[in-house]
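Numbering (my numbering), first residue to last: -9 to 247.
C-beta: ideal position from N, C-alpha, C; glycine also.
Remarks on the structure that follows.
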Amino acid sequence: MTNIAKKIYVSLIFLFLYAPIGTLIVLSFNASKTRAKWGGFTVRWYLSLIQDETILEAFGTTLLIALFSSLIATVIGVISCLAMSSMKRKTRTVLMGITNIPMLNADIVTGISLMLLFISLGLKFGFGTILLSHITFNIPYVILCIMPRMKQLNPSVYEAALDLGASHLTAFFKVMLPDLLPGILSGFLMAFTMSLDDFIITHFTKGAGIDTLSTKIYTEVKKGIKPEMYALSTIIFLTVLILLLLVNLAPNRERKE
C-alpha cells in the first residue's frame, strides 16, 4: 500500500510539472489560432516561425546576452573564488555573505536599483545595460557553484607545482583548473539558464527597440500570443531535454566501458 501511495504521489508531481509543457507542445501543432478548440494537426507555425524576423531577433538577442554574460560572469567568479580562498576564514565568510545577498534579494528591487544606477551614470539603455545587469546577478551563482570545489582542493599540490618550477599561471591551468572544471561548468550552465529565464531585471534595464524572448512574450500577451511562440518554446524545451539526456547518458556509457 505504501509503494502504491508513493507511485501515485510521484505521478501527481510529474503531472503538475509536465502537463503545462505537454499542453504547450500540443498547441504548437494546432491548426486553429484559438486555444479553445482543436483545428487539426499542422506544422505551419514552425514554418511561420522561420519567417518571423521579430521573434528570431528577440531569440538571437536572448542567446547572445546569455552566452556573453555567462562567460564573463564565470571568469569573474573564478577570479573571485581564487582571491577569497587565500583570505582568512572570517573575511571569507563575510564576503560570501555579501555575495549571497543578491540571490536572496527580490528581482524587482535589483532591477529598479540597476535602472537607477544606469540613469545616474548617464548610460544609454540597450544591449549593453542588459548585459551588465545579467553579469551582475549571475556572478553570485557562479561563485556558489565554484567555491565548494575550491574548498576541496589540496593546496599542497599547487605549491608542489610551483616548487618544481611551474609558473603561477601554468600551475593554475595544469593543476587547479582540471579539479575546478566541474564547478566552473556548473556555474556557467547555471548563469546561462538564469540569464535565459530572466524577465524582471531585463524589463527594467532594456531600452526601446530591443527585446529578449521573455520581454517579447510579455508584449505579445497584451495583444494575444502568436502560435509561433508555442513552436519556439517547444523547440527550446526539446533542445534542452536532448542536451540533458546526452549529458547524463555520457558518464554512464564511460562507466560501462
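In chain order, PRO92, PHE127, ILE191 place their CB closer than 7 Å to the CB of THR100, counting only its own chain and leaving out the 5 sequence neighbours on each side.
Listed as beta-bridge partners of ASN128 by DSSP are no residues whatsoever. One Cα belongs to MET140, the other to LYS206, and the distance between them is close to 39 Å. Around the beta-carbon of MET184, 16 or more other beta-carbon atoms lie within 10 Å, marking it buried. Beta-bridge partners assigned by DSSP to ASN144: none are found. Contact annotation, GLY87 with GLY177: C-beta distance approximately 19 Å; criterion of less than 8 Å not satisfied. If you check the CB distance, ILE125 and ALA63 come in under 8 Å. Looking from the CA of THR24, the closest CA among LEU186, PRO145, PRO217 belongs to PRO217. The beta carbon of GLY30 sits closer than 6 Å to the beta carbons of ALA21 from its chain, once the five residues preceding and following it are set aside; these are given in chain order. Annotation: ALA156 to THR(-8) spans about 60 Å, alpha carbon to alpha carbon.
With a threshold of 16 other beta carbon atoms within 10 Å, PRO168 falls short and is exposed. PHE115 sits in coil when the DSSP states are folded into three classes, being neither helix nor strand. Annotated three-state conformation of PHE19 is coil, per DSSP. Excluding five sequence positions before and after TYR36, the CB atoms of its chain that fall closer than 7 Å to its own CB belong to ALA221, given in chain order. For GLY197, no alpha helix (DSSP H) run applies, since DSSP gives it neither H nor E. Scanning ALA48, LYS114, LYS213 for the CA closest to the CA of THR202 turns up ALA48. A contact is defined here as three or more CB-CB pairs under 8 Å, and the segment 95 to 112 fails this definition with respect to the segment 52 to 62. With a beta-carbon spacing of about 4 Å, SER60 and PHE182 fall inside the 8 Å limit used to define contacts.
Cβ contact annotation for GLY197 (same chain, cutoff 6 Å, sequence separation greater than five): PHE115, GLY116, in chain order. By DSSP's assignment, PHE108 forms no beta bridge with any residue. Contact check for THR195 against PHE108 passes: the beta carbons are separated by less than 8 Å. Look at the segment 13 to 76 and you find these whole runs of alpha helix (DSSP H), each 4 residues long or longer: 34 to 41, 43 to 75.
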